[in-house]
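Numbering (the working numbering), first residue to last: 167 to 345.
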């Protein structure tokens, strides 16, 4: 029993923030993201004895988080998943107010465009473009094929390019702008 408790504490310490951010991205609400993060770890606690190691722990936990988010989505039938309050947590790396403002404006426009994507495209863009999971890891998390991940990610980026102003991304959408 002590071993499982230590394992849960270690997993929680390592993945809590990533899971919280993932759920915050989909709910747009800090309180709801915290509640869902707790639900993920409760589900993890119940399922941990059945973890067989076929996938990486990170992938497995994100799969649990994905299904938790989907369940919440179905329960509440949310259509607006990323309000502007999420952007308030972003900080300027260089500390220059003008650059920070321009960066936040760009991020705001990007996040608003991401919010309009279909859920499958949104998840692929978030996991591949923002969290930088591999195609294989993203496919495992989403429970789909690697080709579907490639397609959804590509289509999501194409839609984003069409929605965003050309002067922000004159050469096309750059993945580093998605982070």
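Yeah, the Cβ is synthetic: ideal placement off N, Cα and C, and Gly gets one too.
Treat the numbers as computed from the prediction; the structure is a model and nothing was measured.
For the alpha helix (DSSP H) holding residue i, just list the boundary residues, first then last.
i           : result
residue 291 : Looking at the DSSP string, residue 291 is not in any alpha helix (DSSP H), and its letter there is neither H nor E.
residue 321 : 312 to 329
residue 297 : From DSSP, residue 297 is part of no alpha helix (DSSP H); its letter is neither H nor E.
residue 198 : 196 to 213
residue 303 : 301 to 308
For residue i, which of the options has the nearest alpha-carbon?
i           : options            : result
residue 203 : 178, 286, 220, 297 : 178
residue 309 : 320, 293, 298      : 293
residue 186 : 170, 171, 207      : 207
residue 323 : 297, 280, 195, 312 : 280
residue 184 : 327, 297, 311      : 297
residue 199 : 219, 284, 222, 234 : 234
What does a CB cutoff of less than 8 Å around residue i pick up in its chain, not counting 5 residues either side in sequence?
i           : result
residue 213 : 230
residue 261 : Reliability fails at residue 261, whose pLDDT of 45 lies under 50, so the model's placement of it is uncertain and the value that follows must be treated cautiously. Contacts found: none.
Would you mind sorting residue i into buried or exposed? The rule is 16 or more other CB atoms within 10 Å of its CB.
i           : result
residue 232 : buried
residue 237 : exposed
residue 302 : exposed
residue 175 : exposed
residue 170 : exposed
residue 318 : buried
residue 216 : exposed
residue 219 : exposed
Which residues in the same chain have their Cβ closer than 6 Å to the Cβ of residue i, if we skip the five residues on either side of it in sequence?
i           : result
residue 299 : 293
residue 315 : 290, 301, 304, 305
residue 209 : 230
If you measure from the beta carbon of residue i to each beta carbon in chain C, is any gap under 9 Å?
i           : result
residue 193 : Considering every chain present, this structure includes no chain C. It has just one protein chain.
Please report the Cβ distance between residue i and residue j, rounded to the nearest whole angstrom; I am assuming they are in contact, meaning their Cβ atoms lie under 8 Å.
i           : j           : result
residue 124 : residue 325 : In this structure the chain extends from 167 to 345, so residue 124 is not present and cannot be described.
residue 329 : residue 282 : 7 Å
residue 190 : residue 196 : 7 Å
Residues in its own chain within less than 7 Å of residue i by CB, not counting five upstream and five downstream?
i           : result
residue 211 : 174
residue 311 : 305
Looking at the ligand PLP, does it come within less than 8 Å of residue i, judged from the CB to the closest heavy atom?
i           : result
residue 302 : Of the ligands one can find in the structure shown there are none, so the ligand PLP has no counterpart to examine.
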